[in-house]
Amino acid sequence: MPLRLFLTSGDLMADRRFEFARDLQLKGDLAAAADLLEQTIELAPNFTSAWFTLGEIRAQLGERDKAIAAFRKSRESDASDQHGAHLHLMRLGDAQLSEMPKAYVQALFDQYAPRFEHVLINDLGYRAPSLIFKAVVAARVAAKKPALFRRAIDLGCGTGLAAAAFAKQVDHFIGIDLSPGMVKEARATALYAELEVADMIEGLRTKSDASANLVVAADAFVYLSDLGPVLSEARRVLASGGVLAFTLETHDGRGSGRGIVLGEGLRYAHSAEYVRDAMAKAGLKLLTLEQASPRIENNEPVRGLVVVAEKT
Ligand SMILES: C[S@@+](CC[C@H](N)C(=O)[O-])C[C@H]1O[C@@H](n2cnc3c(N)ncnc32)[C@H](O)[C@@H]1O
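Each residue of the sequence shown is one higher than the last, beginning at 2 in my numbering.
What follows is the structure in structure tokens.
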């Protein structure tokens, strides 16, 4: 994603130096950029954005230990970790595979919100909502049940693309998203009867048992490592015969975390085997598990899965 978070140091001189260092980084003069960042940090020792950028540059230079030290400082100087230094520490093997910092996801999508649909649809050939829509309709046709749902919950609803895909199928849509910026865009569509700024698992926890007929998550579970908690909450919230449908990114290997890998794009990828196992543990009946690419990245289709399950 081209947008970039900047957290000011509060020191004008340090902020200016940082900007020069970023220019050098973008021009490819990584060694000079790293030197300038070291000087910048002398002026402002808790300058999170400078530590984070230094971590990236050290990693680009192949200086793993120095990269780890800088990313640790970035995480220390902003405990909420809006830059997501922890993700880089996971990728560098310095931290166990664990969930993403929520502040990172929120900051990422708040910045991205105004341009999100344009970038996804025009530049990335995004189709997670339509993959889910087609898979749900096909599963309902196969089960000889109507693809109409009274109450639906859209997890990680973003700007509302999944609600647009299902608009004719659902009476009452509830959207839940961590990012206030994305929820603002979703509100403008008028597709949702209810919208909440919340973590999707926390949002589900506030819903009554058997209160929804459909739960969807388009390209949102890629920001969760362990799918167990969200699957079991979705099962509780679904009425009997209710449907859960979502997309994932995937891979063939087992990964260090039982089939979960944190990819280069800083999204989790889950193996098909992991999904089967997680569904069984959550007590959901798997109806569909198919390979399908949700979008293009670096001119290549991203490997993905579309999953439909039912609460029996
Ligand atoms: C790639 S966007 C997809 C948005 C939308 N579902 C769509 O298909 O256009 C992922 C969304 O998931 C949200 N998200 C990520 N992690 C979340 C979490 N733990 N709880 C709630 N929302 C989350 C992000 O804020 C973002 O809006």
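We treat Cβ as the ideally placed atom computed from N, Cα and C, and that holds for glycine.
From a predicted model like this one, the values you see are computed outputs, not experimental measurements.
The beta carbon of A86 sits closer than 7 Å to the beta carbons of F53, G56, F72, S75, R76 from its chain, once the five residues preceding and following it are set aside; these are given in chain order. Scanning its chain for C-beta atoms nearer than 7 Å, with the 5 sequence neighbours on each side dropped, one finds around R237 the residues D210, in chain order. Taking 8 Å as the upper bound for CB-CB distance, G157 and M201 are in contact here, some 6 Å apart. Residue pairing from DSSP leaves H89 without any beta-bridge partner.
Taking C-beta atoms as the reference points, T248 and A219 count as a pair closer than 7 Å. In this structure G159 is buried. Its beta-carbon is surrounded by 16 or more other beta-carbon atoms within 10 angstroms. In the structure shown, the three-state DSSP call for E64 is coil. It is roughly 42 Å from the alpha-carbon of T9 to the alpha-carbon of A279. Residue environment for N123: exposed (fewer than 16 other C-beta atoms within 10 angstroms of its C-beta). CA-to-CA, the gap between L109 and A281 works out to about 33 Å.
Partner residues in the beta bridge of P302, as assigned by DSSP, are I297.
Counting only residues of its own chain and dropping the five nearest sequence neighbours on each side, A273 has a CB closer than 7 Å to the CB of T251, L290, L306. The beta carbon of Y224 sits closer than 6 Å to at least one heavy atom of ligand 1. In this structure, the alpha-carbon of A235 lies about 15 Å from that of V276. DSSP, reduced to helix, strand and coil, places A80 outside both helices and strands of the structure shown, so it counts as coil. Following the DSSP letters along the chain, one finds Q292 inside the beta strand (DSSP E) bounded by residues 286-292.
Note on the stretch 161-212: whole alpha helix (DSSP H) runs with a minimum of 4 residues are 162-166, 181-190, 201-206, in chain order.
Under the DSSP assignment, D155 falls in the beta strand (DSSP E) whose first and last residues are 150-156.
In terms of CA proximity to F167, Y193 leads the group P181, L6, Y193, L13. For G229, the shortest separation between its Cβ and any heavy atom of ligand 1 does not lie below 6 Å.
N214 and A153 do touch by the CB rule: their CB atoms are close to 7 Å apart, below 8 Å. Distances between the C-beta of V216 and the heavy atoms of ligand 1 are all 6 Å or more. Beta-bridge analysis with DSSP links T248 to V307.
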